[in-house]
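Sequential numbering of the sequence shown, starting at 22, is according to the working numbering.
No residue lacks a Cβ here, since even glycine has one placed at the ideal position from N, Cα and C.
Data first, discussion second: the structure below is written as structure tokens.
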Amino acid sequence: MKEEDPNISTQQEAAAAEHDDQTHAAHESPAIPGGEQDRVLIARSYRNLLKSLKTTLNAEDHNNIRAAFELAAQAHQTQRRKSGEPYITHPIEVARICVEEIGLGPTAVICALLHDVVEDTDVTLKEIHDQFGDKIARIVDGLTKLDGLHDSQSPQAENLSKVLKAMLFDVRVVLIKMADRLHNLRTIKSMAQHKQLKIAAETSFIYTPLAHRLGLYAIKNEFQDTCFKITHKEVYHDIASKLSESKRSRQLYIDEFTSPLEKSLKDLGIPFEIVGRPKSIFSIYNKIKTKHVPFEDIYDLFAVRIVLDVKAEQEKSACWQVYSIVTDTYAPITQRIKDWISIPKANGYESLHATVVGPGGRYVEVQIRSKRMDDIAERGFAAHWQYKGIEGTATRANNYENWLGQVRESLENEESGNAVEFLADFQSNLFSEEVHVFTPKGEMKILPDGATALDFAFSIHSDIGCTCRVVRVNNRIVPFTYLLENGDQVEIITDKNQKPSEDWLQFVVTSKAKNRIRSALKDVKREQASYGKENFGAQTQRL
């Protein structure tokens with residue numbers, strides 16, 4: 022059993038690109054401007070992109086992709102990246118990431134190819150609309166930075182808030198932006214150090230937690246590792262070097278650990294794959310920092326993943342059967358069992374995690390999941406929708422839709438203040454840890470870890486939150502500031518005469534609650550101003 026390499030290569034298609042597909046040559050020879058060397062490089066990148074599209078394209082998609090490529094190549098022909106490469110290689114690679122690493126389709130490819138033309142060239146949004154239609158134009162507009170921001174206090178905040186708000190009509194805007202940021206990070210070496218630090222800070226603040234919430238775990242880990250490499254270069258290389266030096270001994274240990282499991286799993290009769298995956302450098306650093314131990318004393322440097330090839334309706338029982346085999350073979354650490362199969366995470370993540378004591382008394386984390394779960398864990402949102410409607414996955418699909426609905430609801434609120442305030446609220450909603458609580462009727466609500474009883478009231482409905490008078494948790498009256506815990510049953514008692522007060526903003530952490538409280542406070546101020554104006558007018562008339 023082989024340990025999986027943690028490094029993500031951006032050159033996987035380079036060798037394949039040398040062998041052009043002659044059967045499609047007549048259709049895949051678009052006009053490419055520039056010198057001979059540039060044309061060869063661009064043509065190779067474009068072929069790699071087309072090969073990443075595993076599904077057969079219809080004539081309209083094929084023609085639109087080629088037209089988008091030709092338009093972008095022509096528009097960007099005089100531009101080069103900091104690395105010296107023709108600029109068009111960037112949108113091509115962003116499009117390839119959208120397909121291969123996120124799982125998007127032809128529409129995203131077209132938009133990714135065009136994502137910088139309006140911002141950086143003379144091409145207008147109207148031209149995009151006229152040639153490719155309304156949907157493409159709207160997505161490209163969502164990806165285009167705002168003009169005239171030189172007077173803005175925070176142009177980065179304005180641009181990020183625009184991109185995030187574009188989720189209201191198409192979540193692909195954010196997914197393409199993720200691919201854009203990922204490629205920029207992979208090629209960041211050519212940028213000045215101060216720009217690298219700025220990009221790393223922005224990525225850590227918004228893009229990393231957003232990738233987590235969208236279930237893009239592989240991308241989230243790469244964001245974290247790359248930003249860590251920029252901000253803590255020496256520590257990063259020290260950990261990377263130690264991981265490399267210990268790779269052989271780690272592989273021998275993984276083989277020793279998995280050997281007895283493989284025999285029992287074969288007897289079970291379920292097709293499976295076992296992969297040993299080293300933990301990210303950033304997560305290892307966090308353990309060193311929080312546990313105050315040297316690298317050599319960290320036992321769980323890797324996780325063993327068991328992936329089962331079963332039908333959706335058999336997933337849960339099969340995963341628990343495998344869990345039984347693992348814990349029969351090795352003693353489990355019971356307090357470290359995480360069941361995200363019975364109750365998936367809000368972003369759709371499903372897996373059964375168990376930590377066991379392996380040979381030599383070392384702790385090993387074992388992740389048990391189906392191929393569908395693994396696909397969603399790796400590619401997130403797009404993979405989730407690929408499985409929507411499959412028998413046995415309806416509840417999980419609804420879970421994901423509910424979370425996206427909550428995000429959209431918080432984005433639709435127009436009372437969130439300026440862009441900086443909006444971003445701060447939105448970032449606070451990109452929580453990585455969550456609590457599961459229940460209404461008196463047994464309906465589950467997922468809220469961020471640290472959410473209060475008042476947050477719960479607003480999660481039910483804005484009006485319930487605004488008129489909340491009393492909160493009961495597990496049949497006991499608690500203050501609004503009560504921190505929710507997993508399994509709590511929460512009952513809200515309302516009073517139509519109740520109104521939010523200014524201090525309520527200190528009692529909540531979710532953006533939905535904050536936005537609604539701000540809105541209610543503004544309504545109260547407007548009512549008071551209107552009453553004062555009428556009262557002043559009546560007194561003036563009497564005089």
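| Check | Outcome |
| --- | --- |
| First and last residue of the uninterrupted beta strand (DSSP E) at M465 | 465-469 |
| Neighbourhood of A94 by C-beta distance below 7 angstroms, restricted to the same chain and skipping five residues each side | I53, P54, I63, I109 |
| Start-end ranges of the beta strand (DSSP E) lying completely within the region 356-412, minimum 3 residues | 373-378, 384-391 |
| Touch test, the region 231-241 against the region 204-220, Cβ-Cβ under 8 angstroms, three pairs minimum | no |
| Inter-stretch contact (C-beta, 8 angstroms, three-pair minimum) for the region 527-538 and the region 503-511 | no |
| Residues near V144 by beta carbon distance below 6 angstroms, same chain, minus five either side | A96, V138 |
| Proximity below 7 angstroms, CB of I305 to CB of A339 | no |
| Classification of F249 by the beta-carbon crowding that lies within 10 angstroms, buried from 16 upward | buried |
| C-alpha distance - G169 paired with S391, whole-angstrom precision | Annotation note: pLDDT 43 at G169 (below 50); position unreliable, coordinate value reported separately. Answer to the nearest angstrom: the Cα atoms are 49 angstroms apart. |
| Residue ranges of each beta strand (DSSP E) within the region 79-136, 3 or longer | none |
| From S483, H482, M465, V458, residue whose alpha carbon lies closest to that of G471 | V458 |
| Cross-strand partners of F293 (DSSP beta bridge) | L329 |
| Counterpart residues of T473 in DSSP-defined beta bridges | L504 |
| Candidates L203, V347, C119, I362: closest to V377 by CA position | V347 |
| Span of the alpha helix (DSSP H) around H457 | From DSSP, H457 is part of no alpha helix (DSSP H) but of the beta strand (DSSP E) over 455-459. |
| Cβ neighbour criterion (16 or more within 10 Å) applied to M465 | exposed |
| Reference E57, options P107, V529, S480, A398, closest by Cα | P107 |
| C-beta atoms of F278 and V385 nearer than 7 angstroms | yes |
| Uninterrupted beta strand (DSSP E) stretches inside the region 482-547 (no shorter than 3 residues) | 489-494, 497-499, 511-515 |
| Boundaries (first-last residue) of the alpha helix (DSSP H) holding T77 | Run containing T77: none; DSSP gives neither H nor E here. |
| Distance, V115 Cα to D4 Cα | Any question about residue 4 goes unanswered here, given that the chain covers just 22 to 564. |
| F323 - DSSP class collapsed to helix/strand/coil | strand |
| Exposure label - R269; buried when at least 16 CB within 10 Å | exposed |
| Cβ-based neighbour list, E91, same chain, cut-off 6 angstroms, excluding 5 preceding and 5 following | P51, A52 |
| Same chain, Cβ closer than 7 angstroms to R547, neighbours up to 5 away in sequence not counted | none |
| I220 - containing alpha helix (DSSP H), residue span | 214-223 |
| Contacting residues, own chain, Cβ-Cβ under 7 angstroms from Y228 (five flanking each side not counted) | M199, R202, F244 |
| Identity of the residues DSSP links to R298 by a beta bridge | A324 |
| One or two residues paired with A352 in a DSSP bridge | V378 |
| Buried versus exposed call for D42 [16 or more other C-beta atoms within 10 Å across all chains shown] | Low confidence applies to D42: its pLDDT is 41, below 50, so where it sits in the model is not reliable, and the reading given next is rough at best. Exposed. |
| Cβ-based burial, A232 [other Cβ within 10 Å; buried from 16] | buried |
| Classification of D246 by the beta-carbon crowding that lies within 10 angstroms, buried from 16 upward | buried |
| Alpha-carbon to alpha-carbon, I275 and L282 | 11 angstroms |
| Check whether E140 and K166 have beta carbons under 7 angstroms apart | yes |
| Environment of D524 [buried if 16+ CB atoms lie within 10 Å] | exposed |
| Whether V387 touches V325 by CB criterion (7 angstroms) | yes |
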